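Q: Numbering (the numbering used here), first residue to last: 13 to 433. Note that beta-carbon positions come from the ideal geometry of N, C-alpha and C, so glycine has one too. Source: prediction; values computed, not measured.
(1) Express the C-alpha separation of residue 214 and residue 431 in angstroms, rounding to a whole number.
(2) In the DSSP output, which residue or residues are listed as bridge partners for residue 41?
(3) Can you tell me whether DSSP reads residue 358 as helix, strand or coil?
(4) Check the DSSP bridge columns for residue 133 and list the partner residues they point to.
(5) Using 8 Å as the threshold, is the C-beta distance between residue 262 and residue 271 below it?
(6) Let me confirm a value: residue 158 is counted as buried when at least 16 other C-beta atoms fall within 10 Å, else exposed. Which label applies?
(7) Do you know how far the Cα of residue 60 is from the Cα of residue 359?
(8) Let's test the definition: count the other Cβ atoms within 10 Å of the Cβ of residue 100 and tell me whether it reaches 16, buried, or not, exposed.
(9) State the DSSP-derived secondary structure class of residue 109, mapped to helix, strand or coil.
(10) In whole angstroms, what separates the C-alpha of residue 419 from that of residue 169?
(11) Tell me the rounded alpha-carbon separation between residue 377 and residue 368.
(12) Where does residue 7 fall in DSSP's three states?
(13) Which whole-angstrom value is the C-beta distance of residue 29 and residue 69, which I expect to be below 8 Å?
(14) I need the DSSP call for residue 141, collapsed to helix, strand or coil.
(15) I'd like to confirm the pairing. Which residues does DSSP put opposite residue 193 in its beta bridges?
(16) Touching or not, the segment 326-333 and the segment 346-355, by the rule of three or more beta carbon pairs under 8 Å?
(17) With residue 337 and residue 310 assumed to form a contact (beta carbons below 8 Å), what rounded beta-carbon distance in angstroms separates them?
(18) Helix, strand or coil for residue 161 per DSSP?
(19) Measure from the alpha carbon of residue 414 to the alpha carbon of each residue in 219, 269, 339, 319, then state which is nearest.
(20) Assuming residue 248 and residue 51 are in contact, meaning their beta carbons sit under 8 Å apart, how far apart are those beta carbons, in whole angstroms?
(21) Buried or exposed: residue 1, going by 16 or more other Cβ atoms within 10 Å of its Cβ?
(22) For residue 356, which residues from the same chain have a beta carbon less than 7 Å from its beta carbon, with the 5 sequence-adjacent residues on both sides left out?
(23) Helix, strand or coil for residue 67, going by three-state DSSP, please let me know.
(24) Taking DSSP as the reference, what is the three-state secondary structure of residue 227?
(25) Could you spell out the range, first to last residue, of the beta strand (DSSP E) harbouring residue 248?
(26) Residues bridged to residue 326 by DSSP?
(27) Cutting at 7 Å between CB atoms, please list the residues of its own chain near residue 178, excluding the five before and the five after it.
(28) Comparing the C-beta of residue 79 with each C-beta of chain C, is any distance below 8 Å?
(29) Since residue 21 is in the beta strand (DSSP E), which residue starts that stretch and which ends it?
(30) Between residue 399 and the rest of its own chain, which residues show a CB-CB distance below 6 Å, the 5 nearest in sequence each way excluded?
(31) Rounded to the nearest angstrom, what separates residue 416 and residue 341 at their Cα positions?
(32) Tell me the residue span of the beta strand (DSSP E) that contains residue 349.
(33) Go through its chain and collect everything with a Cβ distance to residue 42's Cβ below 7 Å, but skip five positions before and after it.
(34) Below 8 Å, how does it come out for the segment 130-145 and the segment 171-189: are there three or more Cβ pairs, yes or no?
(35) Taking the alpha-carbon of residue 394 as reference, which of 226, 242, 422 has the nearest alpha-carbon?
(36) Could you check where the beta strand (DSSP E) with residue 173 kicks off and where it finishes?
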């Protein structure tokens, strides 16, 4: 197996990763990577240093892989790699990661840059089988033989290329365009819940990734259009992105475990933007996302579920993704969220006082934040109903979710309206 990795960004070789004798990961940039105006690999890995060793490198690379030990073992078995070795794992599945970064063994640089690979057609029956395996078996592999993509996160998922109405496995260095997820297996209809939540966010004016709820014969899934891909004629162009843990060089994603806080993310967005206008827009969009996630009691809105798109020196907050309300499910105790607002994690205790404190601490207009929160709280119930109405109820799941979710959302928004008064 490879003991080092070539790092390709936007189709250019920008560096190499290897282990030092002490076992630490070292990133060494090429001279080309240090040219003014090029897109950085990460805000936490600046190119003004030719070589970087230590935690920041490992944190960035680890976030490119699934956040699930069983999945990593599955990838390792298929690739004949050590599941504890980041270099070996990324050598196997690093040719289509989140963003525009590609990782490969040094002797595969030319074919990776040339996007040597193939698009292999897959049928609805193939997708049905693959979704069923992921839904029923946590040890099922994310990748098929010949695929070389990797996605962060804990949910079971796989990535495909869509051309027109047809689906393809992207083999070699070909890019994927969509992510398919059967949903969290222990939560009923979770894929549908996520789709409905994402559609509701869009109705509230929040920037979110585009989703569909689809059935592949007997297996449902949420289909997410990758926002880090862009069509350019017949080509699919990779756009670079990184999540907030990568951007801040932090290994923990939850605030209570030492992960990034909302204040730290806001500070990064202000400091990294090339112009005051960009900074203002990024802050506005992040606060919008934070408001929506809090209002719908999304339990998993941690720092890895916020990201930035990087293009040259421009830093733009990415659309929201992986947003799912917890209100469809009965709470075991207090509902809590991943980021505190004004020092409070408990959803039912976050009201006007907490948002005003949050605004003051982060140099925001408190009255504007409260107005936006009220506006969203008024919009969300109708937006959820509309999103449910858009989905065909082929097996009764939509109707059952409507019976559970609608009254819970209405009651919660009524409570919030009073708390925000």
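A: According to the structure data:
(1) Rounded to the nearest angstrom, the gap between the Cα atoms of residue 431 and residue 214 is 24 Å.
(2) For residue 41, which the question treats as bridged, DSSP gives the partners 27.
(3) Three-state DSSP puts residue 358 in a strand.
(4) Beta-bridge pairing links residue 133 to 180.
(5) Cβ distance < 8 Å, so residue 262 and residue 271 count as in contact.
(6) Residue placement at residue 158 is poorly supported in this model, since its pLDDT is 45, which falls under 50; the coordinates are not used for a value here.
(7) Looking at the two C-alpha atoms, the distance is approximately 42 Å.
(8) By the 10 Å Cβ count, residue 100 comes out buried.
(9) Here residue 109 carries a coil assignment [DSSP, helix/strand/coil].
(10) Counting only the Cα atoms, residue 169 lies some 30 Å from residue 419.
(11) Counting only the Cα atoms, residue 368 lies some 9 Å from residue 377.
(12) Outside the shown range of the chain (13 to 433) lies residue 7, about which nothing can therefore be said.
(13) Indeed, because the Cβ distance is near 7 Å, the residues count as touching under 8 Å.
(14) Helix, per DSSP.
(15) The beta-bridge partner set that DSSP reports for residue 193 consists of 234.
(16) As far as the Cβ criterion goes, the segment 326-333 does not touch the segment 346-355, which means the pair count is below three.
(17) Their Cβ separation, rounded to whole angstroms, is 6 Å, which keeps residue 337 and residue 310 in contact under 8 Å.
(18) Residue placement at residue 161 cannot be trusted, given a pLDDT of 39 that sits under 50; what the coordinates show is reported in the next sentence. In the displayed model, residue 161 falls within a strand according to three-state DSSP.
(19) If we check each option's Cα against that of residue 414, 339 comes out closest.
(20) In this structure, residue 248 and residue 51 do not form a Cβ contact; the two beta carbons are roughly 17 Å apart against a cut-off of 8 Å.
(21) The question about residue 1 has no answer here: the residues shown for the chain are numbered 13 through 433.
(22) Result list for residue 356: 362, 366, in chain order.
(23) Residue 67 falls in the helix class under three-state DSSP.
(24) Residue state, collapsed to three classes: strand.
(25) That run of the beta strand (DSSP E) goes 247-250.
(26) Residue 326 pairs with 323.
(27) Taking residue 178 as the centre and dropping the five residues before and after it, the same chain places the C-beta of 133 closer than 7 Å to its C-beta, in chain order.
(28) Protein chain content of the structure displayed is limited to a single chain, and chain C is not contained in it.
(29) Its beta strand (DSSP E) spans residues 16-21.
(30) Only 208, 211, 212 meet the Cβ criterion.
(31) Rounded to whole angstroms, the separation of the alpha carbons of residue 341 and residue 416 is 8 Å.
(32) Here the beta strand (DSSP E) through residue 349 covers 348-353.
(33) 25, 26, 27, listed in sequence order.
(34) Segments in contact, yes.
(35) Closest by alpha carbon: 422.
(36) Run containing residue 173: 170-175, per the beta strand (DSSP E) assignment.
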